[in-house]
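Taken in order, these protein sequences are the chains called G and E. The first sequence lines up with residues 838 to 939 when you count with the numbering used here. The second sequence lines up with residues 291 to 783 when you count with the numbering used here. Even for Gly, the Cβ is constructed at its ideal location relative to N, Cα and C. Working notes, structure below.
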Amino acid sequence: MTVDKKAALAAAELARLELSPEEGGELGEKLVEDFTKIVGYMDILNEIDTSLVEPLYSPMTDPEEPRKDVPRDEEAGAEKARSILEKGTRVSGHFFTVPRVV
Amino acid sequence: MDKALCSLSLEEARKGLLRRDFTAFELVESLLRRIRETEPALNACLAVFEDESLKQARAMDESGPDPSKALWAVPVTLKDVYNLQGAPATAGSRMLKDYLPSYEATVVKRLREAGAILIAKTNLDEFAMGSSTEFSAYGPTRNPRNLAVVPGGSSGGAAAGVAAGQAPGAFGTDTGGSIRQPAALCGCVGLKPSYGRVSRYGIIAYGSSLDQAGPLARTVSDCGRLLSAVAGPDGLDSTCSRRPPEDYVNLKEKAPGSLTLALPRELWEASFHPAVKETLDGALELLKAAGVGLKTVSMPALRYSVAVYYILAAAEASTNLARYDGARYGYRAEKYGDLSDMYKKSRTGGLGREVRRRILLGTFVLSSGYYDAYYKKAAQARRLIRDEYLKTLEEADFILAPVSSIPAWPFGSFTEDPLTQYQLDIMTLPLNLAGGPGLSLPCGEGSDGLPVGVQLMGEPFKERSLLEAGLALERMFPKPPDITRSPLTLPRG
Chain G
838 MTVDKKAALA AAELARLELS PEEGGELGEK LVEDFTKIVG YMDILNEIDT SLVEPLYSPM
898 TDPEEPRKDV PRDEEAGAEK ARSILEKGTR VSGHFFTVPR VV
Chain E
291 MDKALCSLSL EEARKGLLRR DFTAFELVES LLRRIRETEP ALNACLAVFE DESLKQARAM
351 DESGPDPSKA LWAVPVTLKD VYNLQGAPAT AGSRMLKDYL PSYEATVVKR LREAGAILIA
411 KTNLDEFAMG SSTEFSAYGP TRNPRNLAVV PGGSSGGAAA GVAAGQAPGA FGTDTGGSIR
471 QPAALCGCVG LKPSYGRVSR YGIIAYGSSL DQAGPLARTV SDCGRLLSAV AGPDGLDSTC
531 SRRPPEDYVN LKEKAPGSLT LALPRELWEA SFHPAVKETL DGALELLKAA GVGLKTVSMP
591 ALRYSVAVYY ILAAAEASTN LARYDGARYG YRAEKYGDLS DMYKKSRTGG LGREVRRRIL
651 LGTFVLSSGY YDAYYKKAAQ ARRLIRDEYL KTLEEADFIL APVSSIPAWP FGSFTEDPLT
711 QYQLDIMTLP LNLAGGPGLS LPCGEGSDGL PVGVQLMGEP FKERSLLEAG LALERMFPKP
771 PDITRSPLTL PRG
């Protein structure tokens with residue numbers, strides 16, 4: 838499969854990354870060039886017939902039992918929430934602040 | 291006498307501490323001095339906990355040795371992806387420069403319970419993505435065996451520090467070779483446990499189906515002791531196995547004559563640097579002379595491991611790193627317009643080039659229209675690699691492979707050629723795809739004076755047997771020169 842700059846830019850948009858030099862992402866062109874080269878190499882996988890193979894997404898065979906979704910220690914949890922907010926990038930009261938959306 | 295404390299192996303240090311040959315304070319002081327002495331040349335540490343370590347050592351000296359603790363007063367370093375309260379966890383990224391975790395990794399908690407003294411956090415390729423430690427936002431680490439070359443990576447700081455005598459043991463992580471390869475390039479021992487053997491809770495994620503925490507040290511048995519302190523089920527990581535850990539401390543060295551090792555043709559017939567080739571040939575001769583059975587095998591699916599790994603690891607990385615949006619924690623750009631612009635500027639400014647490259651690739655292979663052709667296809671090929679790995683182990687006790695086809699390389703050799711650098715990882719990636727355990731150990735040094743390593747790979751959750759075979763190989767191979775007291779001075783210019 839040939840992959841062009843358009844595909845790279847579309848992926849960048851999905852990944853919320855800037856690429857082109859005019860957008861401020863340094864070495865945008867180089868990133869696209871490497872990207873197309875790397876994706877081109879992945880075509881080596883077309884050599885194998887995997888039509889009957891079940892995908893393997895994790896090598897885990899005996900995972901932990903899922904635990905119940907209940908707070909273990911509410912007081913410690915509240916303290917943790919406070920500590921997370923304290924270390925937040927921009928915080929107002931109990932909220933992280935970001936540019937207005939609506 | 292103090293001068294030599296930084297040269298002790300972990301086992302020797304532990305015994306000396308329990309016998310009170312020296313105090314924990316003296317040991318920590320000696321290592322801190324060694325760190326101060328070597329850091330200007332190495333840059334292996336991102337944080338050194340001088341005051342805390344000395345304070346803890348003093349308190350332990352007062353309470354007296356506790357032999358029931360596997361690592362009583364033993365100083366250990368942590369790769370800077372482990373969450374530790376009260377210290378930043380940067381993952382080698384500008385994104386997390388000021389990130390102070392609100393909770394601790396299970397590995398950290400267990401190390402504390404085992405009595406370890408956590409003396410420093412070590413340098414790495416940003417978010418563990420790389421094999422040279424050159425992609426750290428805090429500058430590269432140098433190889434203590436030759437300051438002009440890389441230490442390998444991504445756990446380069448861990449390996450360089452252990453080889454140089456900064457600590458007798460370290461914890462790193464291995465997603466595609468990040469423990470085994472730097473151990474080999476720096477001339478120390480590194481163990482990647484089976485996927486699910488050690489909890490990943492509190493470790494900054496890269497590729498969640500591949501990441502595994504493990505130890506680096508100067509001997510095989512030291513790696514066993516470090517693993518014993520952290521292995522086992524953890525209710526906080528649902529991908530951690532429920533199997534109880536084995537005894538990794540009271541090991542019984544395997545008889546060389548009882549061992550049969552499978553040598554995959556696809557890896558042993560790769561193109562090698564001559565210095566590496568001659569060292570590997572020498573190692574095979576030593577194995578044969580000792581009576582180890584060597585069996586050449588074919589594992590054709592290995593040919594696809596680089597493509598499979600870089601699709602799956604990048605896909606998982608793009609998902610894991612989506613959390614770095616500048617909104618809640620981590621770096622936020624100074625200037626931005628709307629919300630989407632804030633995400634883009636913060637991510638582009640906070641994440642380095644290699645990390646952005648992998649996120650871009652991962653986003654692409656997961657995107658609609660490409661998912662089946664890349665991501666699903668790679669996951670299918672992963673099963674072929676895993677099945678072939680397990681099948682090979684039905685015919686041999688372990689798989690033996692080189693760790694790197696070239697010795698530690700000069701800085702900047704591949705930074706502009708990522709595909710070539712990815713292809714160099716072929717020796718180490720298959721193990722992560724299969725989920726098995728692997729032990730990398732030095733097998734000699736090339737005519738260029740740089741260490742060369744081999745790795746033993748075994749059945750999942752058979753770390754004990756792997757370590758016992760490792761003890762036999764360790765005895766056969768020449769030991770790397772001890773550089774734990776050598777002066778490390780920067781080359782001029």
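Rounded to whole angstroms, how far is the Cβ of residue i from the Cβ of residue j, which I believe are closer than 8 Å?
i        : j        : result
E:Ala410 : E:Ile325 : 7 Å
E:Tyr393 : E:Gly492 : 6 Å
E:Asp512 : E:Leu300 : 4 Å
E:Gly572 : E:Thr529 : 40 Å between Cβ atoms; not a contact.
E:Val596 : E:Tyr712 : 6 Å
E:Asp415 : E:Gly443 : 5 Å
G:Ile875 : E:Leu709 : 5 Å
E:Glu735 : E:Thr569 : 7 Å
E:Val488 : E:Val520 : 5 Å
Taking DSSP as the reference, what is the three-state secondary structure of residue i?
i        : result
E:Pro546 : helix
E:Ala406 : coil
E:Ser595 : helix
E:Ser498 : coil
E:Phe562 : coil
G:Gly861 : Low local confidence applies: a pLDDT of 49 at G:Gly861 is under 50, so the model's placement there is unreliable, with the coordinate-based value given in what follows. Residue state, collapsed to three classes: coil.
E:Ser297 : coil
E:Met291 : The pLDDT assigned to E:Met291 is 45, lower than 50, so where the model puts this residue is not dependable, and the model offers no usable value.
E:Ala395 : coil
E:Ile493 : strand
E:Asn433 : strand
E:Cys513 : helix
G:Phe933 : strand
E:Gly639 : helix
E:Ala552 : strand
E:Leu574 : helix
E:Lys634 : helix
E:Ser531 : strand
G:Arg904 : coil
E:Gly783 : Only weak support exists for where E:Gly783 lies, its pLDDT of 49 falling under 50; the coordinates are left without a value.
If you follow the alpha helix (DSSP H) that residue i is part of, which residue opens it and which one closes it?
i        : result
E:Gln711 : 708-713
E:Ile689 : Careful: E:Ile689 lies outside any alpha helix (DSSP H), inside the beta strand (DSSP E) at 688-692.
G:Lys917 : 911-923
G:Val938 : Segment: none, G:Val938 is in no alpha helix (DSSP H) and carries neither H nor E.
E:Thr653 : 643-656
E:Thr586 : No alpha helix (DSSP H) holds E:Thr586; the beta strand (DSSP E) holding it covers 583-587.
E:Val318 : 314-332
E:Gly451 : 446-454
E:Leu475 : 470-476
E:Leu723 : 719-724
The beta strand (DSSP E) that contains residue i, what's its start and end?
i        : result
E:Gly734 : 728-735
E:Leu746 : 741-747
E:Ala507 : 503-507
E:Thr463 : 459-463
E:Cys335 : 335-338
Under 9 Å between the Cβ atoms of residue i and residue j?
i        : j        : result
E:Asp527 : E:Thr396 : yes
E:Leu368 : E:Leu401 : yes
E:Val566 : E:Ile689 : no
E:Ala438 : E:Pro732 : no
E:Gly462 : E:Ala448 : yes
E:Gly480 : E:Cys296 : no
E:Pro441 : E:Ala450 : yes
E:Ile773 : E:Ala453 : yes
G:Thr960 : E:Leu674 : An answer regarding residue 960 of chain G cannot be provided, because it is not within the stretch 838 to 939 covered by chain G.
E:Tyr664 : E:Ile601 : yes
E:Arg637 : G:Leu856 : no
E:Ser657 : G:Ala848 : yes
E:Gly652 : E:Ala603 : yes
E:Glu319 : E:Ala347 : yes
E:Lys585 : E:Ala691 : no
E:Val598 : E:Ala671 : yes
E:Lys482 : E:Pro777 : no
E:Asp351 : E:Ala314 : yes
E:Arg470 : E:Thr718 : yes
E:Gly522 : E:Pro770 : no
Answer with yes or no whether the minimum CB distance from residue i to chain C is below 9 Å.
i        : result
E:Val371 : Looking at the structure shown, chain C is missing, and the protein chains on hand are G and E.
Inset, instruction - Could you pull out every unbroken beta strand (DSSP E) segment of at least 3 residues lying fully inside the region 343-389 of chain E, listed in chain order? - result: 365-369
Legend entry - Segments assigned alpha helix (DSSP H), at least 4 residues, entirely inside the region 746-777 of chain E: 753-766
Inset, instruction - Would you mind listing the alpha helix (DSSP H) stretches within the region 842-900 of chain G that are 4+ residues and don't spill past its ends, in chain order? - result: The region 842-900 of chain G contains these whole alpha helix (DSSP H) runs: 842-851, 865-879.
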